[in-house]
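Report on the structure given below.
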Amino acid sequence: MVKIISVVGARPNFMKMAPIHKELLKHHPKVKHKIVHTGQHYDRKMSDVFFNELELPKPDIYLGIGSGTHAEQTAKIMIAFEKVIYRELPDLVLVYGDVNSTLAASVVCSKILLKSGKPVPVAHIESGLRSNDLRMPEEINRIVTDSIAEFLFVTEPDGKKNLTDEGIATTKIFYCGNTMIDSLRFYLNKASGSNIMEQLCISERSFVLVTLHRPSNVDNKRNLKKILSVFKDVNRISPERDIIFPIHPRTRKRLTEFRLSSEIESIRNLIITEPLGYLDFVKLMSSAKYVMTDSGGIQEETTALKIPCLTLRENTERPVTAQIGTNTICGLDIKLIQKKLIEIESGKYKRGKIPKYWDGRASERIVSNLLKITARN
Ligand code: UD1
């Protein structure tokens, strides 16, 4: 029996893991897959909803870490996860994306030597992405995780190039596609049955969908105010368009702290909602006229859905979405954003192509490789 542990902690991890879990289940009982949830995200709306909607079982192990500074959160996960590793002695640990849970679990595994004298092997799903911006906590998480992981599964060609440029052997790198897009394709049909549009009284292509949670945008009052001015531009350029804004807890907190609550309430056609579940969100993404975001995953999902996406960040670690997909990296360049809004509204915005292997079968390819790897080791 091969024992594989997946470590997840924050919202974007869950949809990346779900299709891998389902694929691994096909090999039960030869393969036993256990899910460890660190508890980095703990609100029902940031966590449980996703487990339910993605048809995932309850985590086998819940570490209940919660929020904290980066050091606190990472350290607490490491202390708790080390005990899990000693108890479970897995053959392989899977980590996903770039959150603090990803970094913490990888570091723990790389320092525990098994009887064989080798560390607990780690496979990083969504490896090789680089924003080249070290002010972004996720960039540090990506670099450290990739430098110690044994097997690196990349989602786009740049991922492979970044890793080889950093001196990582090509034999460790696997280009299999994007498991987040596997989830998107699998649940698109089910999401079409969501009644979120009726609840919000909006219709297909009549609205823009916005998400914002990056510290660089929301922890800085000047930038947050700039974003509110972008909302006003949307009002001016397309007066009829609703702005749907499911708000992340971090962003909600900051709006209150910076005393911007009344300014945001004064924006016309703005509908603020609590964080939404997966199916409701997919329904909104696929029905929006366009999306404005600072999320990483949403840049990919909109490219897969061919929905225009304006990314309110200076850079992206997912360049394929801008090179061939529907994404434009706008930062907070107001002129550029206005230009793109006009292009979208006048039907002149690029159409975009879907990257290779974003076909809903990435997990199949990844698991097939994982089985070969575990058989070999
Ligand atoms: C984390 C990830 C980020 C990912 C994002 C998705 C890191 C470094 N960041 O950022 O890459 O894009 O998740 O959401 O791992 N909070 C709640 N309820 C929760 C979780 C958080 O209220 O369930 C509040 C807490 O006050 C916390 C703040 O939101 O301090 C931020 O949460 P945190 O997990 O630190 O980072 P995110 O901004 O969510």
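Take the position in the sequence shown, starting the count at 1, then add 32; the result is the number in the numbering used here. Even for Gly, the Cβ is constructed at its ideal location relative to N, Cα and C. These numbers were taken from a predicted model, which means no experiment stands behind them.
At least one heavy atom of ligand 1 is found less than 7 Å from the C-beta of GLN72. SER138 and THR177 do touch by the CB rule: their CB atoms are close to 4 Å apart, below 8 Å. For ASN359, the beta-bridge partners assigned by DSSP are CYS341. In this structure, LEU184 places its C-beta atom within 8 Å of the C-beta atom of ILE200. By DSSP's assignment, LYS108 forms no beta bridge with any residue. Within the chosen limit of 7 Å, ligand 1 reaches the beta carbon of ASP130 through at least one heavy atom.
Sequence-distant partners of GLU377 (beyond 5 residues in either direction) whose C-beta falls short of 7 Å from its own C-beta, in its chain, are ILE269, SER270.
Not one heavy atom of ligand 1 lies closer than 7 Å to the C-beta of PRO278.
Taking 7 Å as the cut-off, the C-beta of HIS65 does not count as close to any heavy atom of ligand 1. Looking only at LEU260, GLY41, HIS69, TYR118, the smallest Cα-Cα distance to SER294 is reached by LEU260. Bounds of any alpha helix (DSSP H) do not take in ILE200, whose DSSP letter is neither H nor E. According to the DSSP assignment, SER38 belongs to the beta strand (DSSP E) that extends over 34-40. Contact annotation: GLY41 and GLN72 have beta-carbon atoms nearer than 8 Å. In terms of Cα proximity to GLU158, the closest of ILE111, GLU198, ASN210 is ASN210.
MET229 is not a Cβ neighbour of GLY329, given a cutoff of 8 Å. In chain order, GLY160, ARG162 place their CB closer than 7 Å to the CB of ASN194, counting only its own chain and leaving out the 5 sequence neighbours on each side. Under the three-state reduction of DSSP, ILE67 is assigned to strand. With a contact defined as Cβ atoms closer than 8 Å, HIS69 and HIS53 miss out at about 12 Å. PHE239 and LYS371 have their C-alpha atoms some 18 Å from each other. Straight through space, the alpha carbons of PRO278 and ASN227 are spaced by roughly 16 Å.
For MET212, the enclosing alpha helix (DSSP H) stretches over residues 211-223. Distances from the alpha-carbon of LYS385 to those of ALA354, CYS362, ILE405, GLN105 put ALA354 closest. Distance from the C-beta of ALA42 to the nearest heavy atom of ligand 1 is below 7 Å. With 16 or more other CB atoms across the displayed protein chains lying within 10 angstroms of its CB, PRO340 is buried.
Short of 6 Å from the beta carbon of PRO44, and not among the five residues preceding or following it, lie these beta carbons of its own chain, in chain order: GLY129, GLY329.
With a threshold of 7 Å, the Cβ atom of ARG167 does not count as near ligand 1, since no heavy atom of the ligand is closer than that. One Cα belongs to LEU146, the other to LYS257, and the distance between them is close to 52 Å. DSSP lists no bridge partner for TYR310. Its chain contains LEU244, ARG246, ASN249, LEU344, ARG345 as the residues whose beta carbon lies nearer than 6 Å to that of ASP326, once the 5 sequence neighbours on both sides are disregarded; these appear in chain order. Excluding its 5 nearest sequence neighbours in each direction, LEU308 has C-beta neighbours in its own chain below 8 Å: LYS77, ILE228, PRO278, LEU316, listed in chain order. Going by C-alpha positions, GLU236 is about 28 Å away from ASP80.
Remark: the shortest separation between the CB of ASP75 and any heavy atom of ligand 1 falls under 7 Å. Under the DSSP assignment, ASP178 falls in the alpha helix (DSSP H) whose first and last residues are 169-180.
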